[in-house]
Amino acid sequence: MDLSRMQISPGDHSLPGVTRTARGWNVTAVTPARKCSLLLAETGLRVPMDGWAVGRSRSILIEGADLADAEYAFVFEDFPDGTRDGVYPDIYARGFTGLDGRKRNRGLYSRVCEDSFDWQQDRFPEVPPGETVIYEAHVKGFTADAPGVRAPGTYAGLEEKLDYLQDLGVTALELLPVFEFDRYDNPNRDPETGERLVNYWGYATLGYFAPAAAYSCGDPRTELKSLAKALHSRGMELWLDVVYNHTGGKKEAPLFTGWGEYYLPGEKANISGCGNTVSCNSPDALRFILRSLEYWRTEYHVDGFRFDLCPVLARDPEGNIRQDAPLLRAVTDSPVLQGCKLIAEPWDAGDGYMAGSFAGRRGWAEWNGFYRDTARRFLTEEKDACADMAKCIGGRVLPAGGSVNFVTCHDGFTLYDLFSYSAKRNGRNGEDNRDGSDLNISCNMGHEGPADPETEEKRRQRAVSALALLFLSRGMPMLLMGDEVLRTKQGNNNTYCQDNGLSRFPWNALGGPRDLTGIVRWLAGFRKACPPGERFLWHGTRPGKPDHSWASHSLAWEYDTEPGEQNGRICRVYAAANMFTEPLTFTLPPGEWTPVFAGGSPIEHGEPVKETDVRPGTVTILTSQTRRHK
8 MDLSRMQISP GDHSLPGVTR TARGWNVTAV TPARKCSLLL AETGLRVPMD
58 GWAVGRSRSI LIEGADLADA EYAFVFEDFP DGTRDGVYPD IYARGFTGLD
108 GRKRNRGLYS RVCEDSFDWQ QDRFPEVPPG ETVIYEAHVK GFTADAPGVR
158 APGTYAGLEE KLDYLQDLGV TALELLPVFE FDRYDNPNRD PETGERLVNY
208 WGYATLGYFA PAAAYSCGDP RTELKSLAKA LHSRGMELWL DVVYNHTGGK
258 KEAPLFTGWG EYYLPGEKAN ISGCGNTVSC NSPDALRFIL RSLEYWRTEY
308 HVDGFRFDLC PVLARDPEGN IRQDAPLLRA VTDSPVLQGC KLIAEPWDAG
358 DGYMAGSFAG RRGWAEWNGF YRDTARRFLT EEKDACADMA KCIGGRVLPA
408 GGSVNFVTCH DGFTLYDLFS YSAKRNGRNG EDNRDGSDLN ISCNMGHEGP
458 ADPETEEKRR QRAVSALALL FLSRGMPMLL MGDEVLRTKQ GNNNTYCQDN
508 GLSRFPWNAL GGPRDLTGIV RWLAGFRKAC PPGERFLWHG TRPGKPDHSW
558 ASHSLAWEYD TEPGEQNGRI CRVYAAANMF TEPLTFTLPP GEWTPVFAGG
608 SPIEHGEPVK ETDVRPGTVT ILTSQTRRHK
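Structure, rendered in structure tokens:
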């Protein structure tokens with residue numbers, strides 16, 4: 008780097024971090040430290056910035072030197088509150104070094120990266136909530152073991168598999184965190200193998216403007232943008248799981264150290280359950296989070312954000328929850344984020360349980376934890392579950408457009424494990440099985456872990472029933488990566504540290520006895536053709552006689568749907584779910600009813616029936632076409 012002609016002049020304080028301008032490179036840092044300088048790693052040169060200070064902000068314009076791809080950091084010294092002097096990475100950086108094993112001993116440095124990409128005529132698909140089918144996946148885990156993929160475990164590898172997801176019926180790909188993080192920030196070892204465990208999920212962000220470089224085989228910025236563009240060309244959306252409630256970095260010096268008021272103090276510092284809890288409604292943090300979201304929306308064309316532990320974003324600088332939190336208002340009102348899907352995980356690790364508080368906000372939806380727990384209770388034959396399950400199916404827990412319905416997600420058992428393990432098996436996480444939830448609402452069908460063919464068939468049937476209920480319910484259904492082939496994590500319900508087969512899509516399961524892709528494809532197609540309407544009629548084994556009592560384990564319901572004007576007909580849908588241990592016979596309402604799904608499989612050419620026998624643990628679906636009244 009030739010610095011002999013470098014000239015320094017006042018910069019633009021509105022441009023955070025390092026930005027190329029028409030005249031040169033604008034460099035801005037905001038810190039309470041009394042002394043601030045830019046450190047260029049290659050030469051060790053320190054460029055003083057204090058002569059161009061406005062309040063806590065320093066901004067300089069560098070001319071005569073090319074900073075493209077330069078590694079840099081800031082040196083902050085003489086803090087009024089006694090914070091230690093030191094070298095600090097740029098929290099607005101779009102790239103980092105020192106996270107992949109190379110140069111780790113030197114520490115974390117920022118890297119100058121520029122945003123350029125030919126989006127051509129790319130447009131946001133804007134898929135309506137009623138047509139949305141979500142697929143939650145991990146970038147590496149989805150294709151790490153995929154045969155024939157040129158770039159396994161990367162954004163590019165994921166792009167190679169988009170046809171598979173589109174064929175499955177997916178409209179929104181929700182990725183576990185892809186913001187830059189330190190995968191080696193885990194001191195534990197696998198007690199079985201002795202291998203060092205990692206931060207696999209990525210819920211400890213270090214770069215809020217930088218895509219994780221480990222998920223690329225070239226330029227991560229170009230690869231992730233190409234993935235978004237490829238999704239959009241298929242009418243699919245890209246959603247990102249984002250972690251603004253806490254940051255990465257060591258406890259004694261977390262990421263935002265030296266930059267201002269970013270963290271909650273005292274006993275509130277761990278309401279995220281991970282330490283380093285962000286004071287999201289402090290002026291510094293609010294401005295930073297909003298800039299980050301708007302950056303990903305504009306530069307990466309992200310369609311939606313799922314906010315991890317979202318109640319933390321509603322806490323004031325004292326740690327108290329505010330329904331009118333300034334950050335939530337700012338996100339909702341941001342012109343840049345208009346039309347963006349905003350999904351809240353409505354609980355945190357403290358007392359922040361805000362279920363129902365987000366779904367009513369403009370543009371917001373939330374993970375429906377009540378749906379998850381209720382569906383599990385119903386499917387595992389717990390008592391007193393029918394009435395609540397009926398509420399979930401009919402969309403009476405949250406507004407249908409604001410409810411993300413799910414039975415499984417990354418955090419917990421897979422769909423197969425839900426019916427194969429009664430207790431977690433997290434010993435390989437190196438925490439003596441203390442980590443992960445003990446409340447799984449699962450059952451093992453009489454045998455813990457892998458079992459005989461008869462038990463395995465029962466598990467398969469129960470998994471199919473879970474999927475059927477999910478697609479027949481009002482709200483947005485979400486699938487967990489690999490549930491369509493009954494992926495197992497061998498009873499581990501917290502694989503945050505497992506970079507191995509426990510966390511990967513088993514592509515060799517396609518075509519095998521656990522392959523449910525055809526069923527998922529059919530259910531997604533049926534939902535698209537006959538989406539659940541607003542009006543539900545509830546039945547029992549007799550029409551109009553629902554049994555939602557404490558001891559009941561069955562449900563039957565009917566809804567009308569209007570898939571289109573073709574033939575002037577309305578499609579009526581009838582479904583019956585039997586979680587008793589014996590078959591049940593359901594007498595159907597008046598009309599000509601044809602079975603289209605029964606015993607865990609679609610029916611191609613069903614004959615009209617007046618009643619239907621529903622096997623134990625299964626769901627049956629019938630349809631009736633009636634003439635539309637003018």
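8 is the number of the first residue of the sequence shown in my numbering; add one for each residue after it. All C-beta atoms in this analysis are idealised placements derived from N, C-alpha and C, irrespective of residue type, glycine included.
Sequence-distant residues of its chain with Cβ nearer than 8 angstroms to residue i (five each side left out)
i       : result
Pro-550 : Thr-594, Leu-595, Pro-596, Pro-597
Pro-353 : Cys-317, Pro-318, Tyr-360, Met-361, Ala-362, Gly-363, Ser-364, Phe-365, Glu-373, Trp-374, Gly-376
Ala-337 : Leu-293, Leu-297
Thr-625 : Gln-468, Val-471, Ser-472, Ala-584, Asn-585, Ala-605, Gly-606, Gly-607
Asp-174 : Arg-528
Thr-630 : Cys-537, Cys-578, Arg-579, Val-580, Tyr-581, Trp-600, Thr-601, Val-603
Straight-line Cα distance separating residue j from residue i
i       : j       : result
Ile-67  : Cys-347 : 34 angstroms
Leu-12  : Phe-216 : In the sequence as displayed, the identity of residue 12 is Arg instead of Leu. Distance between the alpha carbons of Arg-12 and Phe-216: 30 angstroms.
Pro-256 : Asp-192 : Correcting the residue type first, residue 256 is Gly in the shown sequence and not Pro. Taking the straight line from one Cα to the other gives about 8 angstroms.
Leu-349 : Thr-339 : 9 angstroms
His-454 : Thr-588 : 16 angstroms
Thr-104 : Gly-443 : 32 angstroms
Gly-273 : Lys-258 : 13 angstroms
Val-616 : Ile-610 : 13 angstroms
Gln-128 : Gly-518 : 38 angstroms
Leu-52  : Leu-46  : 6 angstroms
Phe-83  : Thr-212 : 22 angstroms
Val-250 : Tyr-269 : 14 angstroms
Arg-111 : Gly-214 : Only weak support is given to the placement of Arg-111: the predicted model assigns it a pLDDT of 49, under 50, and the question is left unresolved by the model.
Tyr-428 : Phe-312 : 32 angstroms
Thr-139 : Ser-21  : 38 angstroms
Leu-335 : Pro-623 : 46 angstroms
Glu-461 : Ser-279 : 43 angstroms
Cβ shell of residue i (< 6 angstroms), same chain only, five flanking positions each side left out
i       : result
Asp-391 : Trp-557
Phe-478 : Pro-484, Leu-530, Arg-534
Met-243 : Thr-178
Glu-78  : Ala-48, Thr-104, Tyr-116, Arg-118
Asn-195 : Leu-204, Gly-437
Proximal residues to residue i (C-beta, below 7 angstroms), its chain only, five neighbours per side dropped
i       : result
Leu-74  : Val-25, Trp-32, Val-119
Gln-573 : Confidence in Gln-573 is poor, its pLDDT being 46 and thus under 50, which makes the residue's placement unreliable; the coordinate value appears in the next sentence. Nothing listed; no residue qualifies.
Beta-carbon gap between residue i and residue j smaller than 9 angstroms
i       : j       : result
Ala-144 : Asp-310 : no
Asn-288 : Pro-261 : no
Asp-97  : Ala-40  : no
Thr-415 : Asp-395 : no
Ile-400 : Phe-543 : yes
Leu-320 : Asn-252 : yes
Val-411 : Met-488 : no
Lys-42  : Asp-88  : no
Arg-511 : Gly-102 : no
Lys-431 : Asn-499 : yes
Met-452 : Phe-420 : no
Met-56  : Arg-63  : no
Gly-547 : Ser-561 : yes
For residue i, the three-state DSSP class (helix, strand or coil)
i       : result
Cys-43  : strand
Gln-173 : helix
Ala-407 : helix
Asp-85  : coil
Pro-272 : coil
Arg-126 : In the sequence as displayed, the identity of residue 126 is Trp instead of Arg. In the structure shown, Trp-126 sits in coil (DSSP, three-state: anything other than H, G, I, E or B).
Asp-567 : strand
Ala-392 : coil
Asp-92  : coil
Phe-377 : helix
Pro-333 : helix
Asp-424 : helix
Leu-591 : strand
Ser-240 : helix
Lys-348 : strand
Lys-168 : coil
Ser-233 : helix
Ala-605 : strand
Interface flag, residue i vs chain D, CB-CB below 9 angstroms
i       : result
Glu-133 : Absent from the structure is chain D; it holds one protein chain and no more.
Anticipated Cβ contact below 8 angstroms, residue i with residue j, distance rounded
i       : j       : result
Glu-166 : Ala-219 : Actually they do not touch by this definition, with Cβ atoms about 16 angstroms apart.
His-239 : Pro-132 : 6 angstroms
Tyr-222 : Val-185 : 6 angstroms
Asn-283 : Thr-254 : 5 angstroms
Thr-495 : Asp-424 : 6 angstroms
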